[in-house]
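Protein chains: 2
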Amino acid sequence: MKIEAVQLNPTIGDLEGNTKKILEALTQSQADVILFPELTITGYPPEDLLLDPSFIAEAEKKLQQIGPATKGRFVVVGLPRWNPHHKDKPLYNSAAVFIDGQLVGFKDKTLLPTYDVFDERRFFEPGGEQPVFEYLGQRIGVLICEDCWQHAGGVGYSDYARDPVLELADKKIDLLLNMSASPYSYKRSNARQAIFSACAMTLRCPVVVCNQVGANDQIVFDGHSLHINAKGELVQRAKGFEEDTLCIDLSKPLPPIDDHNGISHLYSALVLGVRDYFQKQRFSKAILGLSGGIDSALVACIAKDALGADNVLALRLPSRHSSPGSLSDAELLAKNLGIQIQTVSIDELFQEYLNRLEFEPNDLATQNLQARVRAMILMAYSNQYGSILLNTSNKSEMAMGYSTLYGDMAGGLGVLQDVTKRYVYELARYVNIPDSIIDKVPSAELKPNQTDFDSLPQFEILDPILESYLEEGLSPQEIAIAQNQPLEFVQELIRKIHANEYKRRQAPIGIRVTQKAFSKGRVIPIVQRFK
Amino acid sequence: MKIEAVQLNPTIGDLEGNTKKILEALTQSQADVILFPELTITGYPPEDLLLDPSFIAEAEKKLQQIGPATKGRFVVVGLPRWNPHHKDKPLYNSAAVFIDGQLVGFKDKTLLPTYDVFDERRFFEPGGEQPVFEYLGQRIGVLICEDCWQHAGGVGYSDYARDPVLELADKKIDLLLNMSASPYSYKRSNARQAIFSACAMTLRCPVVVCNQVGANDQIVFDGHSLHINAKGELVQRAKGFEEDTLCIDLSKPLPPIDDHNGISHLYSALVLGVRDYFQKQRFSKAILGLSGGIDSALVACIAKDALGADNVLALRLPSRHSSPGSLSDAELLAKNLGIQIQTVSIDELFQEYLNRLEFEPNDLATQNLQARVRAMILMAYSNQYGSILLNTSNKSEMAMGYSTLYGDMAGGLGVLQDVTKRYVYELARYVNIPDSIIDKVPSAELKPNQTDFDSLPQFEILDPILESYLEEGLSPQEIAIAQNQPLEFVQELIRKIHANEYKRRQAPIGIRVTQKAFSKGRVIPIVQRFK
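Chains A and B supply the protein sequences, listed in that same order.
In terms of the numbering used here, the first sequence opens at residue -6 and continues consecutively.
In terms of the numbering used here, the second sequence opens at residue -6 and continues consecutively.
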């Protein structure tokens, strides 16, 4: 039996375009069994578009178009569909199964993630029994993403009462197909393989996983579709961060391969996050402020790799506090990357604000004014040339509120918003950013001799605390012990995280590369007094 | 039997302060039965604070403190608690029932709203059977908010399979207590009364509803706790938009009273939204730009009523395009309200931007630059004086993207973000804003002779279309027929709503006064191609 996992990059709500991709794949395929990612027709996650009945009706129409193209094959396509029982939530998150041109049934997702960035219980009702489909003498089970995760204890926030893998185990299947939209996460490198290996071992059959690729708002899906043999060994893996088709011949056993992850994947995730944000919105040009510091240097590299050097314009926006090194470093980097660079001084504008205000601004107002003059100039370029401003704030700054609302927090997309500073350094070394930039003491250059460490702890100390609290959900007590830091110090940092919630609520969406990013996946009230 | 519904205004996460309010109420009460609002101890909605185990532990501790104070009474207090079955979601949204100082049991919420701004399935598991408690010879049922709403078909987005009111009907109770956190909604005036009347008629017993009051982030809870007799007639109602205790003597029948709603409630909701945003964050001072137009005039009135005239500073920020009428109108209004007013011209700053930019800005860049100069000046004042900038954009502008990101979209709280322009006019007339402001043709005054209608349809045409689409979820076809407008025109407006999603994602939180506000309750992807 030949199987293909067609790892598509859909655009949310582009039912026409996504269906075209499905039909093209079916035309080209020579396989017996063809598997697509979760919610193939609509893209994942469609969010409140699901509440529009015409959206569901349109997806249903597309499914009918696909039917004839499945002649002679077993094809599994994902889409939302009406819950025919008309009780509780009105929709199912479904896999439509075609055999030889006929729609033979649906598998409805059983486990509906409702935590972090996922809100499937907002729309969907859990499916009932696990169907088994027969094709070419094989008994084939179909599960959808999360359905497999309870089995090996891979679900962080829920502990589902049901386990669809065990439900299928009783039915003795020969092959499990899983259609997924499983996000990339830097630190959860091998979790996905481990989960599906456990499923294969329980079911004693091969598992083929087709995972969506592409970025949608903040979430990056990495693809990396999997073929795991009945012993639970990974034997094939599709490409990451691009469309690919995993071609599997079950009659030919393969040796196990290694899964791998690392800094190159993190970089690819950020590049894909930028590229898809632009392409799927039909924008091509980016602008950013290039300060000579490491964050903007890294964003410039990512932007160039995502959009091409010709589409990236860097602006130097020096103040009286900018060092000559910063200016020359920015120029050097732009030259290395082959991107355009321009310079607009902010001093005269800042001075004019001082003239206009009838008070002498305090330290906070003074620093913010300069950061905001920069944003205004960048946004004027953005408006003039129809380019999107890339935001360069990193996760450590976002956590601490070490940033100016309507200043350096401006932009359409927060490229590094989920990357703590220590990983910014790793990425900068990975892409060979000049040492003079990497080694420079970080500074906002908003007052004389300022460095980040006037306001923040060293990143080697700060970042592990932030990551433990935000991403792993550890308590202050646990963090203080693990990081060997005074409890009061940890608590003060956590207090600061909470006090800056109001700023983050107005931040651009950011590319999510950890298991817990700011924004949708972390819903903390602004007005609250717990911490 | 004497009953009190103690309509508290809790602060989210202020477990200490909220518990103090509960204990004070218990000390003062002479009633036999005392009912508090949903999640009394934590405030509603605590959102992801619920994921912190120390938050649940702390709430549990507070419950233990409350126990002894319930001596001689029947007391119902709301809090989150661990789901003892350890399956699926780890928490219940519960009512703790004390009789005479003893915790006699819990009622766990059965119907968990997971739509619009509600995401209870993110945290909670539905409760099991409906318990009945006996006190002073009476059989008392306890339900929590949404539990009662399925019964009369009042749930818009879900159609629950269970109906806790029917489940209780079989158990023949003498009194139903409902603890609620039910938001205010301008257009759903009598829905709440109708729902609880239906419950009373089915159960053939009185219904007492204790509803939370106060604003938390974007949601305003109006209080208006209810006493409905066994015939389903409203006989008592607590005050709206402030703390109050509804004292009920079941032995004394009362005549039915009228429910009422209207523009005065809408105004009160906005005032409470501003007041609580400030007070609960321990801020006192507000600043706003006063253009002489109707939106900022209305926000100034609301701010004065919420915070006191001494705490409101208005800034006039004239450009070369500002009319003399605008300036004098702003001054007149400030004088009427007794608020401070200052003036900072934006012309010189705008000119300096033109000097600095190496291109002649196009129309878009030119208008945005001016709006952003205004925001920068306002934010400098905000930083200097520790005041919060009030945003004055209305819902019609927000829908159409007729607003400048980092310009007039700046601010800590969007006071009118859920009020379409036609209701801005109604409110302005209600608070006696001078006719010269109300009658003026709306204009951003960013270029010569500009009016809003250069870019937007008349509000009498626009607003009903926006409300039908956004709040009622009607299709373009339905709207075109109902509003007697060309379908293409309606579709173009809807396209514009979607195209501006990216701007709204960076808007301040706004006070929610309809059933569907922008922000949390409306999750539309930025990167999508459906509409």
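Idealized CB from N, CA, C, for every residue including glycine.
Selection from the options that minimises the alpha carbon distance to residue i
i	options	result
N384 (chain B)	B:G266, B:T20 and B:N209	B:G266
E235 (chain A)	A:A208, A:V228 and A:A223	A:A208
D456 (chain A)	A:V434, A:P246 and A:K388	A:K388
I250 (chain B)	B:E226, B:P450, B:R349 and B:P83	B:E226
P501 (chain A)	A:G407, A:E53, A:F48 and A:Q58	A:G407
P450 (chain A)	A:I241, A:N329, A:Y378 and A:V483	A:V483
I431 (chain A)	A:K440, A:S289, A:K509 and A:Y85	A:S289
F246 (chain B)	B:A223, B:A262, B:G405 and B:L342	Per the sequence shown, residue 246 (chain B) should be read as Pro rather than Phe. The shortest Cα separation from P246 (chain B) among B:A223, B:A262, B:G405 and B:L342 belongs to B:A223.
N304 (chain A)	A:I241, A:S375, A:A364 and A:A262	A:S375
V424 (chain B)	B:L342, B:Y260, B:K489 and B:A302	B:Y260
M172 (chain A)	A:Q344, A:V135 and A:Q143	A:V135
D215 (chain B)	B:V90, B:Y37, B:A368 and B:G121	B:Y37
A193 (chain A)	A:G286, A:I133 and A:D81	A:I133
For residue i, the first and last residue of its enclosing beta strand (DSSP E)
i	result
V417 (chain A)	Per DSSP, V417 (chain A) belongs to no beta strand (DSSP E); it is in the alpha helix (DSSP H), K414 to Y423.
S90 (chain A)	For clarity, residue 90 (chain A) is Val in the given sequence; the question names Ser instead. It spans L84 to I92 - the beta strand (DSSP E) in which V90 (chain A) sits, taken as one unbroken run.
E(-3) (chain A)	K(-5) to Q0
Q229 (chain B)	L227 to R230
G207 (chain A)	V206 to N209
K309 (chain A)	Strictly speaking, residue 309 (chain A) in this sequence is Arg, with Lys absent from that position. It spans V305 to R309 - the beta strand (DSSP E) in which R309 (chain A) sits, taken as one unbroken run.
R505 (chain B)	Counting along the chain, R505 (chain B) falls outside any beta strand (DSSP E), and DSSP gives it neither H nor E.
Listed by chain order, chain A residues near residue i by CB distance under 7 Å
i	result
E40 (chain B)	V516, I517 and P518
T107 (chain B)	R114 and R115
N209 (chain B)	P518 and V520
CB contact flag (residue i, residue j, <7 Å)
i	j	result
E40 (chain A)	P248 (chain B)	no
Q229 (chain A)	H220 (chain A)	yes
C104 (chain B)	E139 (chain B)	At residue 104 (chain B) the sequence reads Leu, which differs from the Cys that was named. Closer than 7 Å, so yes.
L243 (chain B)	M402 (chain B)	no
I137 (chain A)	E31 (chain A)	yes
K440 (chain B)	H314 (chain B)	yes
N183 (chain B)	Q377 (chain A)	no
L1 (chain B)	K13 (chain B)	no
E113 (chain B)	N76 (chain B)	no
G331 (chain B)	K496 (chain B)	no
G71 (chain B)	A88 (chain B)	yes
I487 (chain B)	Q476 (chain B)	no
T33 (chain B)	A52 (chain B)	no
V125 (chain B)	I166 (chain B)	yes
Residue i: contacting residues in chain B (beta-carbon distance under 7 Å)
i	result
K82 (chain A)	S151
F352 (chain A)	Q377
Y270 (chain A)	V520
Under 8 Å by beta carbon: chain A residues contacting residue i
i	result
Y346 (chain B)	L342, M369, I370 and A373
I5 (chain B)	P518, V520, Q521, R522 and F523
S315 (chain B)	Result: empty, since nearest Cβ-Cβ is about 16 Å, beyond 8 Å.
A174 (chain B)	Within chain A, no residue comes near A174 (chain B); the closest Cβ sits about 13 Å away, beyond 8 Å.
Range covered by the alpha helix (DSSP H) that runs through residue i
i	result
V292 (chain B)	I287 to L300
F482 (chain A)	L480 to A492
F234 (chain B)	Per DSSP, F234 (chain B) belongs to no alpha helix (DSSP H) and is neither H nor E.
Under 8 Å from the C-beta of residue i: neighbouring residues of chain B
i	result
N355 (chain A)	N376 and Q377
Q274 (chain A)	I519 and V520
Neighbour list for residue i in chain A, Cβ cutoff strictly below 9 Å
i	result
P501 (chain B)	Y495, R498 and Q499
L362 (chain B)	M369, M372, A373 and N376
F189 (chain B)	In chain order: nothing, as chain A lies at least about 23 Å away.
Chain B contact residues for residue i, given Cβ-Cβ distances below 9 Å
i	result
G331 (chain A)	The premise fails here: G331 (chain A) is roughly 21 Å from chain B at the closest Cβ pair, so nothing lies under 9 Å.
H79 (chain A)	D152
R365 (chain A)	R365, A368, M369, M372, A373 and Y399
Contact test: residue i Cβ vs the ligand SAM heavy atom, cutoff 6 Å
i	result
I472 (chain B)	Judged by which ligands are present, the structure shown has none, so any question about the ligand SAM falls away.
* Any alpha helix (DSSP H) of 4 or more consecutive residues that is wholly inside the stretch 317 to 397 of chain A -> 317 to 330, 340 to 349, 356 to 378 and 388 to 393
* Would you list, in sequence order, the uninterrupted beta strand (DSSP E) runs of no fewer than 3 residues that lie entirely inside the stretch 100 to 181 of chain B? => 125 to 128, 131 to 137 and 168 to 173
* Asked: Mind pulling the beta strand (DSSP E) runs of 3 or more residues that sit fully within the stretch 257 to 284 of chain B?
  -> 279 to 282
* Please specify which runs of the alpha helix (DSSP H), each continuous and at least 4 residues long, are wholly inside the stretch -5 to 45 of chain A, giving them in chain order. => 8 to 21
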